[in-house]
Amino acid sequence: MFDLERYRIILFDQRGCGRSTPHASDLATDISLNTTEHLLRDMEQLRAQLGVERWLSFGGSWGSALSVACAERHPERVSEMLPAFWLMGRAEVDWSAWEDAVLSLEPHGKPAPFSDRASDDLLAFARICAHYAANNGWLEDGALLRNAGRLAGIPAVIMHGRLDLSCPYDAAWQFAQAWPNAELVAFDDAGHKGSPAMHDHVRSTVARFSVL
1 MFDLERYRII LFDQRGCGRS TPHASDLATD ISLNTTEHLL RDMEQLRAQL GVERWLSFGG
61 SWGSALSVAC AERHPERVSE MLPAFWLMGR AEVDWSAWED AVLSLEPHGK PAPFSDRASD
121 DLLAFARICA HYAANNGWLE DGALLRNAGR LAGIPAVIMH GRLDLSCPYD AAWQFAQAWP
181 NAELVAFDDA GHKGSPAMHD HVRSTVARFS VL
């Protein structure tokens, strides 16, 4: 979704998943050191190590909550944001317990979007998700919303599917009201996994941000 001539893309696998080690699929891996605070420190260390002064933050689902938490911690390090919203609140954690079923019913969904992963990835996914959900992401309920004022001055476009049954739309709407400089765009044909229209809007938005 990004023009590689204009953007330097930085992707990172969070603790315990992807190519990060130790991997959470190994039951000997201690995931007590895998918390939101640890991830925020990891992101800041990564930014500093790569010599990035400010970056555009782009995340969806849990990634949007993490990117907002990072931006509220270090607003001076963020140039723009493109979150697809989730606040990691208690109500949302309870609601998301059925997402493997409901995501398969979305207009652009597919059967078992999570449970058909490779066995190691599925085990790591289950351990990490349960670990974070049981602890409410180590975020005080409503804290991200209450701290939205810290993001004043950061241009943002919040994109959310009205048919998203995993991350309810009201969280995106509430945050858009509290976040100065944020624009909320809802897509009638999109659920949690997005839609062609949403992806097109992401591309046009990042192109617009690249000339700011």
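For the sequence shown, the UniProt record's numbering begins at 1 and goes up steadily by one. We put the beta carbon where it would ideally sit given N, CA and C, even for glycine. Please read these numbers as outputs of a predicted model, since none were measured by experiment.
Exposure of Asp188 is indicated by the presence of fewer than 16 other C-beta atoms within 10 angstroms of its C-beta. Counting C-beta atoms within 10 angstroms of its own C-beta, Ile128 has 16 or more neighbours from the protein chains shown and is therefore classed as buried. Excluding its 5 nearest sequence neighbours in each direction, Gly153 has C-beta neighbours in its own chain below 8 Å: Pro75, Pro180 and Asn181, listed in chain order.
Rounded to whole angstroms, the separation of the alpha carbons of Gly149 and Glu53 is 22 Å.
Ile158 and Arg77 have their alpha carbons spaced roughly 19 Å apart. Judged by DSSP in its simplified three-state form, Trp173 adopts helix.
Assignment of beta strand (DSSP E) within the UniProt domain "AB hydrolase-1" (6–81), counting only whole runs of 3 or more residues, yields 55–60 in chain order.
No residue range can be given for Leu4, since it is assigned to no beta strand (DSSP E) and is classified by DSSP as neither H nor E. Taking the CA atoms as reference points, Arg19 sits about 21 Å from Ser57. By the Cβ test, the stretch 132–141 is not in contact with the stretch 166–179, since fewer than three Cβ pairs between them sit closer than 8 Å. Residue state for His160 is assigned as strand, using DSSP reduced to three classes. Counting the other CB atoms within 10 Å of its CB gives Val206 a total of 16 or more, which places it among the buried residues. For Val185, the enclosing beta strand (DSSP E) covers residues Ala182 to Phe187. In this structure, the beta-carbon distance from Ala172 to Leu163 does not fall below 8 Å.
Around the C-beta of Thr21, fewer than 16 other C-beta atoms lie within 10 Å, and the residue is accordingly described as exposed. From the listed residues Leu39, Ser204, Arg203 and Gly191, the smallest Cα separation to His108 is found for Gly191. Counting the other CB atoms within 10 Å of its CB gives Arg203 a total below 16, which places it among the exposed residues.
In this structure, DSSP gives Gly149 a helical state, which the three-state scheme calls helix. Rounded to the nearest whole angstrom, the CA to CA distance from Arg146 to Cys70 is 14 Å.
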